Structures are given as C-alpha cells and as structure tokens.
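Visitor: Heads up, the sequence shown stops at 1037 in our numbering, and the numbers go up one at a time, no gaps.
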Amino acid sequence: MTEFKLLKSRPPRWFFGLAMLSCFLLSGNLLAQTGNTVSGIVLDGALGEPLPGATILEKGTNNGTQTDFDGNFSLTLTSENAVLVFSYVGFAAQEVPVNGRSRIDVTLEEDAQSLDEVVIVGYGSVKRADVTGSVSSVTTDEITQRSVNNPLEGIQGNLPGVVITTNTGRVGDGFSVNIRGNNSFSGDAQPLFVVDGVPTDGIDFLNPQDIDRIDILKDASSAAIYGSRGANGVVLVTTKSGATAKGGVSVSVESSYGIVRRARFPDFMNGQEWWAYHQVAYLNQDDPLGDTPENNFSLASNNSPELVKRANSGFNFDWADAVYRDGEIQNNYVSVNGRANNGMAYNIALGLQKDKGLLPNEQLDKYTFKGGITHRFNDKFSAGVNLTMTHEINDLGSEQAARDAVRLSPLASPWAIDENGNQLEGELYFQPGKLVYPNGDWAFNKTSTLNPLVEIANSNQQKRRWRTLANMFLEYKAVDWLSFKTTFSAGQLNRRHGQAYSAESYVGQSNGGTNTASLDKLENFNYTWDNQFNINYTLDDDHSFSFLGLQSFYSNRTEESYAFSSGQPFETLWYNLGSGAQNTFNMSSGFRKNTLLSYAGRLNYAFRDKYLVTASIRWDGSSVLSEGNKWENFPSVALAWKLSEEGFLKDSPVVSNLKLRASIGYTGNDNVDPYSTLNGVDNQRYYDFNGNAVNGFISDELANRLLSWERTRELNFGLDFGLLNSRIYGSVDVYDRLSENLIVRQDLPIETGIPSVNNNVGSLSNKGVEVALVTRNVQTERVSWETNFTFSKNTNALESVYGQSEQDDPGNGFFIGEPLNAHYNYVFDGVWQASEAAEAASYGMKEGEAKPKDINNDGAFDPDDDRVILGSTQPDWIGGITSNLKVGNFDFTVSAIAMQGVLVKSDFLQDSFGNPSDRGRNHLAWDSYYVPANGAGLPTQVSNEIPRPRGEGQFWGTGFGYYRDASFVKVKNIALGYSFDQSVLDQLKIKGFRIYANVLNPFVFAASEFEGWDPEWADADQNLARPSSITYQLGLSLKL
C-alpha cells in the first residue's frame, strides 16, 4: 500500500524561527541580583511531610525556584522588600514578606477549590478566571456522583451545549455526544475524544472512577488548537495519575451493587382484546366473505381450535414476564496512590464492572487497570508514564428475541401441548403461532414468529474488546519561564465480534435450517507524538505572556477481516467456520491508514490581569485529501475583559465576578475515508475473454482531485458572573457557527457506471444560547445546599447545497432553512369517518382508512405539494438540574435532565406494535381502533387515531402515522448517603467512610402522545431497543 508523504507544503518557516528568536531576546532580560539569599522548607499541612516540587516566586518578578526532594529551597533575592509566593498544585498559595529574614519555613494547606479553578485547554492549562473561550468542566466527584458504570451517563445534563443520549438502552451500546449541533452531512457529529493525549472513538470503555476531570472545548477559539479534529468540539479526559497524588500513601475502595427492574412498560392487548382485534382484521369491504358472523369466525379461527378455546376461557399469557428478567449492576474498584520524598508520585487502580441486561443472554463485563507514575528528577527534568487498559466481554443478547418478546399473541404460549391441549411446561415449542397437537393436527395456524425463549437459547452474539492507552512525557525546564516537553501517546484496540446461531434460531432458519456463524475482527493502532515549548513571562506587574509552540504527528492504522459460513455439523460458536458448507463461505479483509502532520502556536496575553487576549493558529496536513488540498490553517482569536477588576466594581457587595468574552475561530474536517480521493477498483467476475469467463476488476470510485477541507467558522460571545460573594454564579454563551464546503456523496449520471462521488457541496449553520447557573442556597457549618442548572438551545439549518440556496433535494433529505435531520412527509389528519365517505371516495379512499392532509386543497394527494416538514429529531432545547443537600453527616442528591421539542419516527410502532396492517401479532392496548358498521356482528368503534385493521389505506405505508413527540423529563438519580464521623474514623486510621443508597432513572415524564420503551431512545432500531428500567443500588466508599 502506498505511503503518503506530508512534506510538499509546509507552514511558513518564520513561525518557529520567530518563536525561537523571542526566546533568545527574552533570555537577555536578566534581573539584577541583590545578593540576599533566603532558604527554608515547604511542608504538606495535612501530612506534615515535605513537598518536593513546590514553587517559590519573588512577587512581581520572574525570579523563582522549586523545592528539592526533601522540600528544601534556596533563592537569591532581587529586592530588599521582597515578598515570596509559595504555591503547589492542589494547595492554597501563600504570600510571605521576607522582612530581612534568611530562613522561612512554610506549611501549605490543601485547597479544595484550587483544582476546579484550573481548566485544561489542550496542550496546557489555564486558571478558570483567565479562560477566554467557551469551556465546560466536570471533576471526579461530579462524574462518579450517580454511581453509574459509564462516565458519559454520569455527566448527562450537567454541561450546557452538550447533548448526551443513550442509543438503544441495550447493555454495552453506550452513549452518543453532540456539542452545539450537527456540522456535517455525514451525520457523524461525535466530537474529538482525547484521553491522556490519545484520540479515541469515545470514552464508554473508561471506568468513571479512573477519571480525574473532563474538559469540553465548545467554541472554535478553544478547539482551534486541535485544527481539523476539533470541528465538532473536543472532549479532553484527564485520568488519575501520579500527578494527582498527594503525599504519603492513600487507598480507596469503591463498591456498589444494584438490581435493574423493567419499568414503565407499555400496555399491550390481553388475550380477549387481541381476539376481538383479530376478528376485526378479517373484515374486508371488498370481500363479503368476512361480513357474516359465520364467515368472519371461520376466517379468524381457521385451523386454530386451541385459539378459540383459549379465547373463550379467558386465557392470557404474559410474554414479557417469560422473556425478561431482572438485571444487575456492579462496580468494584480499588486504587492506591501516593507521593514519595524522592519526587516520585504514583497511582495504581483495578476495577471490575458488571452489567446484566434485561434479556438472559445480555451482559457486559469490564475489567480495568490504571497505572501512572510521575517523577521529578531535579529542578530541570521531570517525566511521567500513564497507562490505561480495559478488557470488555459484551454479550449483546438476541436481536430477534428483543423484538419478539411481546410480539406473539397473548393466546399463545411458549410450551408444546398434549392431545387435550394441556400445556407441557418446560417443553419449548419452536413456533407458538404454528402449534400442532401430537398427532400433527393444527392447534394454532397463525403467525410464524419464532419462540423468543427458543431464540435466546439458540443465539449467541458477543463482542470482546481489548484496549490499551499509553502516554509518556519528558519535560525540561531550561529557565523559570521556558520549558520544553515531548509527549508520545499511543492507543491499541483489538475487537472481536462473533455471532453464532443454531438451526433453530431465526438466522439459522433463514439459512436453510442450519447452524450459522460469523466472525469479524478489527485491529487498530494509533499514535501521536507532540513536541512543544512553553514560555511564561511576566513583565513588571502589568504584562503577562504565555506562548505555546507545537509540532504534532498523528498516525492511525486499521486492519479488518470477516468470515461467514453456514451448515456447520456441530454448534461450536464461531470457532469452526471452516466446517461449514463451502458454497456458503464469505470472506473479506480490509486495511486503511491515515496520517496528520500539524504545527500550532498559541499566545496568551494579560494586561493588569483585567484585559485578556488569546490567539492561536494551527496548520494541518492530511493524507486523505488529494495533492494541492492537503494543507489548511485554522486561526482563532479571543478577548476577555474582567469588569469586576475595574475600580467601579472591585469593591461591589453584589458583583463578585463579571467577565465579558468574545471570540472567533476556525476549525475543519477532512471528512472522507482513506483512499477515497483516489481512483478505486473492485473485483468483477466473469468477464468474457475469448469465450472464457475470467475474473477482473471494475472501477468503483472516481477520484475528485478538487476535494478540499470542510471548514467551520464560529463566533462566540460570553458572560461569566458571580453575585453575592459567588453565592450565585454561572455563565451565558451565545454562538453563531457556519460550516462550509461540506462533503457528501453526490450522485453521478448513470452512464458513468459509478453511482456517486465525494464532493464539497453545501453549508450548515448552528446558532444557539447556553446557560449555566449555580446557586449556593444555604451555607452554614452544619447545612449546605447547592443547586446546578443548565439550559441549551441550538437551531440547526441547511444554508446551501450544490452551490445554491433555494432548491431543496427531498430525495437526500436536504431542505434549505431546515435542520439536517428534518422529517418530511404527509400530515396525518385522522381517519376517514362514515360521515366523510363521499369525500374519501373523491380521493379514491374509504371509510376507516388513514387520511392525509390536503395542504394545497387541490383535491388530490401529491408528494410534491402535500408533503411538509413535520419536525426534527434535534431538540428545541435541553436542560439539567442537580441539587446537593448536606445536613451534618447526611447527604442527599437529586438530578434530572430534560429534552423538549423532539419528533421521532418510531420504529417501535411501525415495525412492531403500532401497525394495524399486521393481524397475527400483538399490539399496543389501543383505547380504540376504527371498526366500520359490518354484518359480522362485531361492535362498531369510532377512532380518529388508529385506522381500520387490515384496511389502513394506501398512505399508511409512508409512515406518516408513526411520528411522535419524544420530549421528556427524566429524573436521573436520587441518592441518600451517610459519612461516618471523622473523629471516630481517626481512631481506626480511616480517612473516610461513606455508605449510600441510590435509585437510577426512577421517574420519566414523557409527552402524552408518546408510545414506546423510553423517549430517550425513541427512534432506536426495534431489534436493538430495550425497555426502560429503574436501578436500585447500595454502595460504599472507603478511604484509608
């Protein structure tokens, strides 16, 4: 395979030349020394041990030093009236006047808020007060507060502008993240995830207990430092490492166990309701056979004497109780961390998580290992290694059984019967709707749906994932204001997906009633090598500069293979595919590689700590784009003004913090697969060569040499505020994002022989507002109560497509001025009533059929004139609330999320339980469905929502009756905890012990018209979706 060179076009050479020149110029600005020397030791106030690596700075100068391994320091002063500033990460800084002394010993105390005040911004960090862009952060306490096994679920609803939703409710399927709307036609709005410097495809695999903090870069000025990889925002995950360890040795134990119960289960027809519906479904206005009592009964009960017997006896089988079970959730975690006197700090952790789903063959076991070491060799050199390893075994359950769990008639049961119709419990029957007596006569002759219990016993689908993330760095501090750092980060993913189905499964039956299996494997290795230098310089007390220079190289390599066969003689899962029938063999393999070479610079400047400027630029060169289009630059600039530092507000009793922010920045996307800008070929069999059939190749990909970067421009205006000594604080952001040159597969004329080609054809906009608000309602020595609110509203719109901004493309779902994922269809206008029979006939329709709305009132239903935009899966707004109350040793937490204005086309209704055209399977327990006047003696029913069974009309197939408002408010958790008194624990040498009870997802408030499992995954594929659930949990937290 051809390797790509990214050396043809480079950023201007003056970039790094100017930066290095600045270093030499600044190095000449040496401060005169007075000759007075002060020395001493810095101690950890909690442990009484030395603090190696603490910083001592002469205030107002760049003159400073750090403590050695034993916490000792010595500094020659530049002023007779010097004031020393002592600081260390995680501790409150102290200012100490020298006053002529030659020795000063200082004890630093831990600062609980200091870590929260630092924000990770990509290749560095800044104080929260100095942030000029839009960045949201959560720390380990917030991530683990809900006691869930997925870190994304732990922060759901806690971050404005960040939409986090579960995809299906199935164990192991994870969560999706969207930051400020969709920016690409590809539909992939996932942000860039960076875990300890390693790009990943998500963070579902992480143990929440291993995460120290998550910082989300939302606006382009913050994300521009990541260039082409930051168009959808950036999620920076910092795991616990040696850098986060304190002095001494600390041991943490976290353990919890919970029961997962099926909840909010929809109401389905019972046996008698289904029998009544089933008879109505045999009414046929075009065929009088079903319009007499005798004929209707004969059709409905044909070859099904056991069906009639059970209907008359009040029989009702609850398939849901038979198929679903209670699930479980476990989390066990142990960590050891500490900091030695020789400057070495470490963190080691082991985790075991188990999630058992509601289906018997659905489970996720996750094993995690975390290790981190940092070491300061001397005042100049420091290094660190961070390692994260996970192994996941995910049994995905039976897709067919998930759908059929309540699809069978409640008059059927999973058991075989004897000659008298008595059920033989324990003897599963393959097709309950095709039940026969022992002599072969029909007992049931209805639906051919397979027994879901048989399907569960005869299907296996399992994913195994091995993932390793490694990060190592070496840092050299040349002088106090100049440092160099090189970081190598690598990620390895091995995934194996095996599927095995016996002859008695749905897949086995689809393959001729034989054992069937497949195995696909994926191996991915990626690495990033970052080399950077940092300048931090203060001139007098007025001017503060910091500069980052960066060179980065990224490489990503993926190999895949797939094998399939059926007809294996034995059930050996996916381990003996070669024993299958040779004519069923299907094998394939693939390889892809892409690389990215980048250069970047970022300047931060502050004047009198009131006026802030951040400017950055990044150049990216991508291997996936064609020559001449590989390189692009992504600049940004941001301004901030700390109004609360001005004289007119500085001493205000009301305003404790007020900062205005404004920024503009550009990000991008090379949103194509590797090699898709090259001409491609595919295998073509059976060419005629001199009368002989031979193999060959056919062109299947047309190169577009003009294909270029997707590019996003974003404006952001923000306000950070704090009132009443920060009893009330928060932020408001307003943004305007425009994404242009978006890539899509554009159709080609059929004469080319190639269906489509990648092309830059359109633009999208996202405009919105975000609000974060924290109120400290009560703050006393014994009682504290804090509430966090978030609110976000985003409007997504297609601005142009194919170089124009007026003409829609309904075939591809492109509508100018509408969201990218808009629903376009007829409007469901009810059901034709008997009184409207004449009008219905004028449209070629009948009483009881579903009625579209004639938008233009022309007496006809036309797809061009009568289909409209119904809504979108994009919410109008989202929100969240978390309230934390502490009274003495007790703590109480409640959190909730809300999503409003969501319209989905429900697969739950269309494919399974809301389709009146299906008369054999079960349905929702409708209050009514339309039953016309008939001669079969069946009671008439009037409905303007559900059309006549098996007479729903020609437009029902468009799906226009399956759209539902999926807005909801979900209480995510309610927790009550108790922390044992520290005075008692101190006698036992225990640093902390807390026990708690927690309930996950106890309440869901959905739109009144909603029908389905859970509104959060209302548009999920019905084969994958799972019922809603509630988890009841007990846990403990022990610190030694």
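Idealized CB from N, CA, C, for every residue including glycine. Predicted, not measured: the structure shown is a model, and the values here were computed from it.
(1) Taking buried to mean at least 16 other C-beta atoms within 10 Å of its own C-beta, is E416 buried or exposed?
(2) Check V95 in the structure and name its three-state DSSP category.
(3) Would you kindly check if the distance between the Cβ of K460 and the Cβ of N391 is under 8 Å?
(4) Since W271 and L408 are thought to touch, with beta carbons under 8 Å apart, how far apart are those beta carbons, to the nearest angstrom?
(5) Assuming Q420 contacts S410 (C-beta within less than 8 Å), just tell me the rounded distance between them.
(6) Indicate the three-state DSSP secondary structure (helix, strand or coil) for A690 in the structure shown.
(7) Taking V382 as the reference, which of N309, R322, E472, G423 has the closest Cα?
(8) Taking only the alpha-carbon atoms, compute the straight-line gap between C20 and E114 and give it to the nearest angstrom.
(9) Pick helix, strand or coil for V191, following the three-state DSSP scheme.
(10) Find the nearest neighbour of G917 within the set W628, D826, V403, K1036, judged by alpha-carbon distance.
(11) Quick one: give me the first and last residue of the beta strand (DSSP E) that P650 is part of.
(12) Can you tell me the Cα-Cα spacing of N521 and A700, whole angstroms?
(13) Can you give me the C-alpha to C-alpha distance between L22 and T611, rounded to a whole angstrom?
(14) Is DSSP giving S620 helix, strand or coil here?
(15) Classify F1041: buried if its beta carbon has 16 or more other beta carbons within 10 angstroms, exposed otherwise.
(16) Would you mind stating whether R400 and P357 have Cβ atoms separated by less than 8 Å?
(17) Per the DSSP calculation, Q979 is bridged to which residue(s)?
(18) If you scan the segment 393 to 428 from start to end, which runs of the alpha helix (DSSP H) of 4 or more residues do you find wholly inside it?
(19) Quick one: Cα of S253 to Cα of A297, how far?
(20) Please report how far the alpha carbon of K1036 lies from the alpha carbon of S723, in whole angstroms.
(21) Are there 16 or more other CB atoms within 10 angstroms of the CB of V780, so buried, or fewer, so exposed?
(22) Less than 8 Å between the beta carbons of V80 and K56, yes or no?
(23) A769: which of G37, S728, V82, D65 sits nearest, CA to CA?
(24) Note down, in chain order, each residue of its chain lying with its Cβ closer than 6 Å to the Cβ of S613, except the 5 sequence neighbours on either side.
(25) Between the beta-carbon of K306 and the beta-carbon of G418, is there less than 8 Å?
(26) Is it buried or exposed, N468, if we count other Cβ atoms within 10 angstroms and call 16 or more buried?
(27) Compute the minimum distance between the beta carbon of S723 and the heavy atoms of the ligand HEM, and state whether it is under 7 Å.
(28) Label Y823 either buried or exposed according to how many other C-beta atoms from any shown protein chain fall within 10 Å of its C-beta, with 16 as the threshold for buried.
(29) Using DSSP bridges, identify the partner residues of L609.
(30) Using the three-state DSSP reduction, which class does T749 fall into: helix, strand or coil?
(31) Would a C-beta distance cut-off of 8 Å place G821 and K902 closer than the cut-off?
(32) Rounding to the nearest angstrom, what Cα-Cα distance links E568 and M584 in this structure?
(33) Does DSSP put E291 in a helix, in a strand, or in coil?
(34) Per DSSP, S144 is paired with what?
(35) Determine the extent of the beta strand (DSSP E) in which G268 is found, giving its start and end residues.
(36) Candidates S543, D538, E556: which alpha carbon is nearest N523's?
Guide: In short:
(1) By the neighbour-count definition (other C-beta atoms within 10 Å, threshold 16), E416 is an exposed residue.
(2) V95 sits in coil when the DSSP states are folded into three classes, being neither helix nor strand.
(3) In contact: N391 and K460 (Cβ atoms closer than 8 Å).
(4) Right, the Cβ-Cβ distance comes to about 6 Å (below 8 Å), so this counts as a contact.
(5) With a Cβ gap of about 6 Å, Q420 and S410 count as contacting.
(6) If DSSP states are grouped into helix, strand and coil, A690 belongs with the strands.
(7) The option with the nearest alpha carbon to V382 is E472.
(8) Note that C20 scores 39 on pLDDT, short of 50, meaning its location in the model is unreliable; the coordinates nonetheless yield the value given after this. In this structure, the straight-line span from the alpha carbon of C20 to that of E114 is close to 29 Å.
(9) In this structure, V191 counts as strand in the three-state DSSP scheme.
(10) Comparing alpha-carbon positions, the option among W628, D826, V403, K1036 lying closest to G917 turns out to be V403.
(11) Element bounds for P650: n/a, residue is neither H nor E.
(12) Rounded to whole angstroms, N521 to A700 spans 26 Å at the Cα level.
(13) With a pLDDT of 38 at L22, under the threshold of 50, the modelled position of this residue cannot be trusted, and the question is left open.
(14) It is coil, neither helix nor strand.
(15) No answer is possible for residue 1041: the residues shown for the chain start at -2 and end at 1037.
(16) Not in contact: R400 and P357 (Cβ atoms no closer than 8 Å).
(17) As computed with DSSP, Q979 is found in no beta bridge at all.
(18) Restricting attention to alpha helix (DSSP H) runs no shorter than 4 residues, the segment 393 to 428 encloses them at 396 to 401, ordered along the chain.
(19) Answer to the nearest angstrom: the Cα atoms are 53 Å apart.
(20) Each residue's Cα considered, the two are about 31 Å apart.
(21) Taking all protein chains in view, the Cβ of V780 is surrounded by fewer than 16 other Cβ atoms within 10 Å, so the residue is classified as exposed.
(22) Contact: yes.
(23) When C-alpha distances from A769 are compared across G37, S728, V82, D65, the shortest belongs to S728.
(24) Within the same chain, Cβ atoms closer than 6 Å to the Cβ of S613 are found at A221, I222, R599, S633, the five residues on either side in sequence being excluded.
(25) Contact: yes.
(26) Buried.
(27) Absence of the ligand HEM from the depicted structure is noted, as is the absence of any ligand whatsoever, leaving it without description.
(28) A buried status is given to Y823, since no fewer than 16 other beta-carbon atoms sit within 10 Å of its beta-carbon.
(29) L609 has A603, A637 as its beta-bridge partners, per DSSP.
(30) Looking at T749 - three-state DSSP - the assignment turns out to be helix.
(31) The residue asked about is misnamed: residue 821 is Tyr in this sequence, not Gly. Going by beta carbons, Y821 and K902 fall outside the 8 Å limit.
(32) Each residue's alpha carbon lies about 20 Å from the other.
(33) Collapsing the DSSP output to three states places E291 in a helix.
(34) In DSSP, S144 forms no bridge with anything.
(35) Unbroken run through G268 is the alpha helix (DSSP H), 268 to 277; no beta strand (DSSP E).
(36) Among S543, D538, E556, the Cα nearest to that of N523 belongs to E556.
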